[in-house]
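Remarks on the structure that follows.
In mature numbering (1 follows the signal peptide of the UniProt record, and there is no 0), the protein residues as written are -30 to -1, 1 to 338.
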């Protein structure tokens, strides 16, 4: 039998050194500054999207998301933005106006339809983002009165959205240069905000100029949809793009959502469907649209989200059924959940098509 002996001092020293090394390792890895960065495992409802660039994902957007109501020429959605987001909308488009020095969300004019202040609206957005930490959301602001971005910055800061907003490395990015959804979630900058006019990267970098980063197809379509560039200040072949897919009809010469065609307009396939325009754009542009703006998104029973899911290579399988279309004549709330203003309520469908007073001297008309 072989026996081995070691000097006791050397054994004790070796044991101490070994224990010391373990303690050092434990100390290093226990240090909060050395912990690995959290990695999102589900992004916008799917683990398959976490490593996808923001510029390589198709999102469904709510056209005039704040304009909520039924029997009203100036509304484009049935449900408030919390319900829109819960159902899968991931871009909220809005039209901002200066109303006595306060930014309001109004349709055409605040005397026609006033959904309230931008601050109230963004407070609802912040609440939803806080409750849904694995979701990336986009805002698209139509800056109707050409307000400086610093005016919007003040409102974003008042509700705490500035700290969760993504600021790009430069004023415009190629479609391929956007970070992944996982990166946006892990970094805590899950809100991507675009503005059509007056954005200024040097003063408010997180309010991103739309048309140097995104081009759009035509809007207020009353016949059939195409995929031609309608508005852009970018190299269209390398930037993101948005398709406006909401069919209008002319009422008293003014475009308003064609309610009778909504199920087909939002459908996966068929003439003038969202799916048809999507396929047309892919065939002409060689890549998927990044954003698809729709009216009354719930018509079609989730078909708009099915189009997006197919584009993204994932399965559309909502945990709960989405909202259903509201019957004409029912009541609804504003985009942020409050009651619509008296001014907006006065423009019911039947009264607005019943009486029109033209003012030749002013070159304007009023709908009652």
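Beta carbons: idealized from backbone N, C-alpha and C, even for Gly.
- In this structure, residue 210 places its C-beta atom within 8 Å of the C-beta atom of residue 184.
- Among the bridge pairs identified by DSSP, residue 218 is matched with 227.
- Bounds of the beta strand (DSSP E) holding residue 72 are 72 to 77.
- Rounded to whole angstroms, the Cβ separation of residue 46 and residue 265 is 5 Å, and the two are in contact under 8 Å.
- When rounded, the separation of the alpha-carbon atoms in residue 205 and residue 146 is 13 Å.
- Per the coordinates, the alpha-carbon of residue 212 lies some 32 Å from the alpha-carbon of residue 70.
- Around the beta carbon of residue 11, fewer than 16 other beta carbons sit within 10 angstroms, so the residue counts as exposed.
- The straight-line gap separating the alpha-carbon atoms of residue 251 and residue 257 is approximately 8 Å.
- In this structure, 63 is the residue among 51, 17, 67 and 63 with its C-alpha nearest to the C-alpha of residue 162.
- Taking all protein chains shown into account, residue 22 has 16 or more neighbouring C-beta atoms within 10 Å of its C-beta and is therefore buried.
- Taken in chain order, the region 177 to 213 contains no complete alpha helix (DSSP H) segment of 4 residues or longer.
- Your pair residue 192 and residue 225 checks out as a contact, with CB atoms roughly 7 Å apart and the cut at 8 Å.
- Excluding sequence positions up to five before and after residue 190, its CB lies within less than 6 Å of the CB of 218 and 225, all in the same chain and listed in chain order.
- When DSSP states are grouped into helix, strand and coil, residue 84 belongs to the strand group.
- Within its own chain, the residues whose Cβ lies closer than 6 Å to the Cβ of residue 108, once the five positions on either side in sequence are excluded, are 61 and 162, listed in chain order.
- Boundaries of the beta strand (DSSP E) harbouring residue 113: 107 to 113, taken from the DSSP string.
- C-alpha of residue 214 to C-alpha of residue 76: approximately 19 Å in a straight line.
- Under the three-state reduction of DSSP output, residue 20 falls in the coil class, being neither helix nor strand.
- Short of 7 Å from the beta carbon of residue 115, and not among the five residues preceding or following it, lie these beta carbons of its own chain, in chain order: 67 and 68.
- Here residue 160 is buried, its C-beta having at least 16 other C-beta atoms within 10 Å.
- Bounds of the alpha helix (DSSP H) holding residue 278 are 273 to 282.
- In the same chain as residue 18, and ignoring 5 residues on each side of it, the C-beta atoms closer than 7 Å to its own belong to 283 and 284, in chain order.
- Our two residues, residue 273 and residue 53, have alpha carbons roughly 16 Å apart in a direct line.
- Beyond the five residues adjoining it in sequence on each side, residue 119 comes within less than 8 Å, by CB distance, of 165, 168, 169, 170, 173, 174 and 177 in the same chain, given in chain order.
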